[in-house]
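First the structure, in the form of structure tokens, and then the observations on it.
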Amino acid sequence: MANSGVEEKILTVRYAVDFNIVGDNISDIAEFTVEKYEFKNDTALSPEHREKAMKAITDVLWQQVEQLKQQHRRVLARMFDAAETTLEEVVGE
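Quick note: the sequence shown uses the numbering used here, first residue 82, plus one each step.
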């Protein structure tokens, strides 16, 4: 076996995004959006409507974050595929 005695290396690819900060940003965006609506419409939402709006906005923004995470995984997979293909081309020369 060619790899006999060779220790396999496990690669850990880290996210470049701090999701705690993203969560804070999402909360800030939701709060700003509600306040902007209230200002533009010269109204104040009831606590129930405010809570419902905040939850709905937060949920939809987290869905977008999840889509970005999935896209990130797909990009990483393509990068590894491209790296492997390139290596095979170079070694095969």
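Every residue gets a Cβ at the ideal spot worked out from N, C-alpha and C, and that includes glycine. Predicted, not measured: the structure shown is a model, and the values here were computed from it.
A distance below 8 Å between beta-carbons, with the five flanking residues on each side excluded, links V146 to the following residues of its chain, in chain order: F100, V103 and I107.
Shown here, V141 sits in a helix according to DSSP, grouped into three states. Relative to R154, the option among V94, D123 and T166 whose CA is nearest is V94. Between the segment 127-142 and the segment 107-117, the count of C-beta pairs closer than 8 Å reaches three or more; the two stretches touch.
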